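Structure, as structure tokens:
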Ligand SMILES: [Fe+2]
């Protein structure tokens, strides 16, 4: 199978109190699994079997919407689990922090603008920190879309589908986004992707 569901990189109860075991069980075991299973079915006969997830995302964008929805969400969730860690948040690593100061007006402004991107994404979607044309940018996308299809490389993203926060935060999406950025972000993983995107 081209798409496979990875194990979470931490225990299901490791992100409490900011993201519960119940949320991670539903989100990973039900939602992400459904994208993997449906995506594999939709891949059959497309000629894209065996391509990388990134290649399938970009190839299906605008040409095969059902496949794109599931491939996009698979890509997004593969990273989403790694964009969080127990005792996350805090300051960004020095080199990335300097770039955030340069391109986004400082760390506090970055955090406020990133949260606002997530709050203002109408309906389901994602908010992103991405590298585009050598600069950092904050983006938001609907449904399963991501910066790959807009000529940018995502280095941090947050899922604002209700399945990501409704059990823990009900309708309080801003509180979920604040907890994500203050207490969950795995900056080491963001820094790794920033290094790869900057090559
Ligand atoms: Fe999700």
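Numbering (the UniProt record's numbering), first residue to last: 1 to 199. For glycine and all other residues, C-beta sits at the position ideal for the given N, C-alpha and C. Quantities reported herein were computed from a predicted structural model and do not represent experimental measurements.
Counting C-beta neighbours from all protein chains within 10 Å, is the total for residue i 16 or more, i.e. buried, or is it exposed?
| i | result |
| --- | --- |
| residue 49 | exposed |
| residue 98 | exposed |
| residue 4 | exposed |
| residue 232 | No statement about residue 232 is possible, as the shown extent of the chain runs from 1 to 199 and does not include it. |
| residue 39 | buried |
| residue 109 | exposed |
| residue 199 | exposed |
| residue 23 | buried |
| residue 9 | exposed |
| residue 17 | exposed |
Thinking just about the alpha-carbon of each residue, which of the options is nearest to the one in residue i?
| i | options | result |
| --- | --- | --- |
| residue 143 | 134, 123, 101 | 123 |
| residue 69 | 95, 31, 84 | 31 |
| residue 1 | 35, 20, 17 | 35 |
| residue 165 | 28, 7, 8, 11 | 28 |
| residue 19 | 95, 88, 61 | 88 |
| residue 6 | 111, 100, 76, 14 | 76 |
| residue 56 | 179, 145, 136, 195 | 145 |
| residue 92 | 182, 199, 196 | 182 |
| residue 129 | 17, 15, 79, 10 | 79 |
| residue 45 | 24, 62, 33, 67 | 67 |
| residue 194 | 163, 151, 132, 167 | 132 |
| residue 147 | 186, 113, 104, 61 | 61 |
Can you pull the DSSP bridge partners for residue i?
| i | result |
| --- | --- |
| residue 84 | 185 |
| residue 133 | According to DSSP, which records beta bridges pairwise, residue 133 is partnered with nothing at all. |
Do the stretch 144–161 and the stretch 66–86 meet, that is, are 3 or more Cβ pairs less than 8 angstroms apart? yes
Going residue by residue through the stretch 101–125, where are the continuous alpha helix (DSSP H) segments of at least 4 residues, counting only ones entirely within it? 107–120
Report yes or no: do the stretch 137–151 and the stretch 71–79 share at least 3 C-beta pairs separated by less than 8 angstroms? yes
How about the stretch 159–174 and the stretch 109–125: do they share at least three Cβ pairs that are nearer than 8 angstroms? yes
Minimum length 3: unbroken beta strand (DSSP E) runs contained in the stretch 13–49: Segments of the beta strand (DSSP E) lying fully in the stretch 13–49: there are none.
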